[in-house]
Structures are given as C-alpha cells and as structure tokens.
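Everything below concerns the one structure shown next.
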Amino acid sequence: MLRNIVTQNSKVCFQKQAFDRSIKNVYSLRYQSFKKSPEEQVKESKLDSEPIEGNLNKYRKIKKNDKSQPEDLKLRENDLKKAFKPTSFQTSVASFLIKYLGVNVDRVRSGPIAGSYYYKECSDQGLIYEDDVKLSKGCEFFYNDLKLPKTFSQWYQIHILHVWILFVRMRAMPFDIGKNYQKKIIDRTFEELERKLKEEMNVRSGRFIDNYLKEFNSQLRGCIFAYDEGFYTDDYTLAKALWRNLFGGRKNVDFVHLEACVRYVRSQLYVLSKMSDRDFALGNFKFVPADQFVRPLSPEEYEEMKKEVIAKYEKIDNDPNTKPTEKSKLRYDN
Amino acid sequence: MSNQNTRALATRIVNFIKELPEDRIQHYADFKNIQLQRFAKVANPSMKTEDTKKNDGLSLSDIKDMLTRTKSPLGLQKSVLKKFAQAVPQENWNETLLTQQLSALDSLKNNTYKKMYDVTDKLYKPEGNPQYYQRLYDEITGKSKENFFTAMRTVFTGK
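Note that the protein sequences, when read in sequence, are chains A and B. Counted the way full-length UniProt numbering counts, the first sequence spans residues 1 to 334. Counted the way full-length UniProt numbering counts, the second sequence spans residues 1 to 159.
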C-alpha cells in the first residue's frame, strides 16, 4: 500500500499557491523544494546549527544480540515471522476460545501488534546499534542531518514522537480497541525503559530509576498534549512543539530543519489517514523513511486503492477456510 | 558578515517573527522571544544585549538539585542546563542562509504542509472519540472550560 503513495524523486508538480509579491524570490525557491523529500530539504541548508553544548556522544551503544535484549527486538522482520509461528495445537485452542467463548480477537491482537511490532518500529527510528556499521535510515536523518545529540533522552524523544504519530491513528479506531492499542504500546515503552536504565545505562538504585520513569512519564504527557495542539491548529504551533521537545529548545535552531520535521510528521500522518482500520490493526504500517517523498494521492487514485483493499478483505472474510484467529471485526472500507 | 543585504534580510526576519502569534499557554521556553533576540543581533550588531549576572555562589535550590539529580533529563544538573541556555551561539550569516530561513518560516506560517497533506476529518474528528481535539482546543483558547462533571465523565468513560 505504501508503494502507491511513496515515490522517490517524483516528478509531480504542485500548483503554485497564491503568493505575496513582496517575497517573490522566496516563493520561487519554495516552489522548487516542493518535490523534495524531508532529508533532501534538510541537506539544502548549510547553516552550522550544532547544539551549543557540543556533541554529547555519551550514548552507550547496545549490541543487537545482547543477552538482555528481549527476543522480539533482536530479530529482523523476516526472521520474526518464522520464530513466532504458532503450532497447529495452539491455533486450534485459540480458535476454540474465539468461537465458543467469545474472546475478542482484535483486543488480543493489540498485544503482539502494538506492544511488539509497533513498539519496535517506533524505537528503531532513533536507536543506534553497536554492531551495525551503517546507521539506519531514521538514525541518519535525526542524528546526522538534524544534528541532534546522540543521547539516551534524545532517543526517548524520537521514540515518543513516533508513538504519538501512531496515537493519532489509534484514536480513529473504535474506542475500546484503539484505547487498548494505546495502552499496550505505552506499557511496553515503560517496561523497556526500566530495563534499559538498569542494564544499558547502569543505573543501580531502584529509587533513581523510579524518579527517571516519573520524569519520562511527565515528558510523555507534555509531548502528547503539545503535538496534539500543533496537529489540530497549524504548522507553526507544531513546529514550536517540535522545537521544544525534539530539539530541546535549542537557540540556534535551523528553521529549515524545523520545516522538514513538520513535513516529515505530516506526511506520516497522511499515509496513516489513507489506511483502513483493518490494515492498520493488522500491523501493515511502516514509517516512511525521511529520504522518500510522499506524494499526495488524487481522489481517483484513492478510490482505486480503497477498492483494492476492500476486495482483499472481502475475499478473506467470505472464505470459509479462514481461521478464526485471522478474522477481525474492524472496518476495512474507510 | 554585517553587510547591508544581510542586515536588511535579518530585519525582515525580525519583522516577520514579530507578527507571529503568541503561545496559547506558557512553556519553559518561548520560541518567539528567543528567536527575536537571535535575529535582532544580526540585524543590528551594535545593539547591546542584557548582561547576565555572574553568580558563582551556590543557592539552596542548586544544592537540592545536586542531591536529587533527577529533576532534569538524565542527571544533567540545573547549572549545566542554565549554562546551555545562556550560551550565545556564534553564527556566520550570509544572504542565502537568511533567505532559506525566511522562506522556511514563511511556509510554516502559511500552513503549507497542513494543506498539502490534508488528513481530512478522519483524523481531525476521530471515530473513537470525535470531540477529542475540539475539547482540547476549546480548553486552551478558553472558549469553554471543563467543569467537574465533564472531567469525571472523562475519568470514568475515557471520552
């Protein structure tokens, strides 16, 4: 589905918006950069806007195959499906529970999808592994291009930005299911934070860990509130929220970076808004890397995509051989 | 660095920032004020900035801060954070850089991306909780305040 929307270096042009005569040359510059991905946009600016405090490279890199790492975070995506394949006995027990005892599959599914898959998806955006020579796409954008310090709390900020992006979509699901998804991803976040502080940051005192967790919790609440305000009102407010949280209120911030960030966030939300509930709940979403351009769909293309999705899930629902574990009551037509 | 054109551009940025709306609620850092100071210095290099008082003595709050150490993210002491906040960035401006800054600000003010990536009412009035953003916005702007009963309703039902 993402392939429909994302096109690299797309040649689609945008209609020029009405522009103010006094800053004509400014607008012509802007017009060109419409076709660029956020990463290219950032690279355009040559302003030296490193944090004043210098690069804080204190972040202790973790090994991907560290013993203390949970199983599902260690594996790559393809291996994950093999590693957690249920046996036929497990499947039949689950099917019995769903069919005769009325267990809600969507609620059960929120655990593995939000608590494991989406958690990993969010946290990987800013996580630096020791044994990966090459940084991931998300890391490259946030640390090299936006020049953010490589610290633990910076990782947390990047993580909750992505968690919030998913939150916005989860609110649009049926109330109880969406709430469950939100709960699961936050539960997992704090579970992992506690483990990380203990094992990776070597904080030994339990009282200190508790204090840190409280601090992280208040940061989370503040972020979600500020981003929500920015999302609903305008780009400038969203940029301010990003500046306060992601950039730590840095004085010498590059406005081009802020603009690219706003664009990054809004483009992710756009992709999410074009997804159906069912698609999202089954874990078919992946964050669009910052070096790709998200092209807004025309109404015809959207209709076509909708039809494809509806046909796909109708086929699954009408097939008598579909296992109860693969069924879902969520909508697929929105 | 401070030739006529850069100064003129910086003045334009300053005027632009002055027109931007204020924060709806108070935060720990005010974007508008901080950026105004930053560009006012470029526009008018001879302008004097406020002298910050030098005080090496420890206050009670500093000592408390040292003892708890967790008031700010990951053990950064308040004094260190204060130092960061007071440090003055040294930047070399030229015309192209300033033009880029101005155009970026302009597109932020014009809601370019909100219009470009329009997420429609599907996300602005989410199905699970259609009044969520409207209530939040009304509360911030002071249009309608939450009362005890609506607050308790949220506690019990989540909506």
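Note that beta-carbon positions come from the ideal geometry of N, C-alpha and C, so glycine has one too.
- Among the residues facing chain A, residue 38 of chain B is included, as its CB has a counterpart in that chain under 8 Å away.
- Scanning A/169, A/189, A/334 for the CA closest to the CA of residue 307 of chain A turns up A/334.
- Annotation: the continuous alpha helix (DSSP H) that includes residue 206 of chain A extends over 206 to 232.
- In the DSSP annotation of this structure, the continuous segment of the alpha helix (DSSP H) that includes residue 159 of chain A starts and ends at 152 to 171.
- The region 134 to 148 of chain B makes no contact with the region 175 to 192 of chain A: fewer than 3 CB pairs, one atom from each, lie closer than 8 Å.
- Interface flag for residue 173 of chain A against chain B is set, since a Cβ pair is found closer than 8 Å.
- Chain B has no Cβ within less than 8 Å of the Cβ of residue 246 of chain A.
- Residue 160 of chain A counts as buried, since at least 16 other C-beta atoms from the protein chains shown sit within 10 angstroms of its C-beta.
- Residue contact with chain A for residue 29 of chain B: present (Cβ-Cβ distance below 8 Å to some residue of chain A).
- Under the three-pair Cβ rule at 8 Å, the region 189 to 203 of chain A does not count as touching the region 148 to 157 of chain B.
- In the DSSP assignment, residue 143 of chain A is bridged to no other residue.
- Chain A places a beta carbon closer than 8 Å to that of residue 158 of chain B, counting this residue as a contact.
- Fewer than three Cβ pairs drawn from the region 148 to 160 of chain A and the region 315 to 330 of chain A lie within less than 8 Å of each other, which leaves the two stretches out of contact.
- With a cutoff of 8 Å on beta-carbon distance, residue 128 of chain B and residue 225 of chain A are scored as not near each other.
- Counting only runs of 4 or more residues that sit fully inside the region 266 to 311 of chain A, the alpha helix (DSSP H) segments are 277 to 281, in chain order.
- Annotation for residue 105 of chain A: the continuous alpha helix (DSSP H) segment containing it runs 105 to 110.
- Approximately 4 Å separates the beta-carbon atoms of residue 232 of chain A and residue 133 of chain B; this is inside 8 Å, confirming the contact.
- In terms of CA proximity to residue 263 of chain A, B/113 leads the group B/158, B/130, B/113.
- Among the residues of the region 89 to 107 of chain B, those with a Cβ less than 7 Å away from any Cβ of chain A are 89, 91, 97, 99, 100, 101, 102, 103, 104, 105, 106, 107, in the order of the chain.
- Our two residues, residue 44 of chain A and residue 295 of chain A, have alpha carbons roughly 20 Å apart in a direct line.
- Contact between residue 38 of chain A and residue 138 of chain A fails: their C-beta atoms lie close to 11 Å from each other, not under 8 Å.
- Distance from the CA atom of residue 10 of chain B to the CA atom of residue 3 of chain B, rounded to whole angstroms, is 11 Å.
- Residue contact check for residue 14 of chain B against chain A: no CB pair falls below 8 Å.
- Contact of residue 266 of chain A with chain B by beta-carbon distance below 7 Å involves 113, 114, 117.
- Contact between residue 127 of chain A and residue 155 of chain A holds: their C-beta atoms lie close to 6 Å from each other, under 8 Å.
- With contacts defined as CB atoms closer than 8 Å, residue 6 of chain B and residue 94 of chain B qualify as a contacting pair.
- Residue contact with chain A for residue 11 of chain B: absent (no Cβ-Cβ distance below 8 Å to any residue of chain A).
- Only those residues of the region 296 to 313 of chain A whose C-beta falls short of 8 Å from the nearest C-beta of chain B are listed: 296.
- Rounded to whole angstroms, the separation of the alpha carbons of residue 298 of chain A and residue 141 of chain B is 35 Å.
- Ranked by how close their Cα comes to the Cα of residue 270 of chain A, the residues B/119, B/107, B/143, B/98 have B/119 in first place.
- Under the three-state reduction of DSSP output, residue 127 of chain B falls in the coil class, being neither helix nor strand.
- Around the beta carbon of residue 157 of chain B, fewer than 16 other beta carbons sit within 10 angstroms, so the residue counts as exposed.
- For residue 129 of chain B, the chain A residues whose Cβ falls inside 7 Å of its Cβ are 171, 175, in order along the chain.
- Using a Cβ-Cβ cut-off of 8 Å, residue 179 of chain A counts as an interface residue toward chain B, since at least one Cβ of chain B sits closer than that to its own.
- For residue 148 of chain A, the closest of A/88, A/113, A/119, A/257 by C-alpha to C-alpha distance is A/257.
- One Cα belongs to residue 19 of chain B, the other to residue 260 of chain A, and the distance between them is close to 22 Å.
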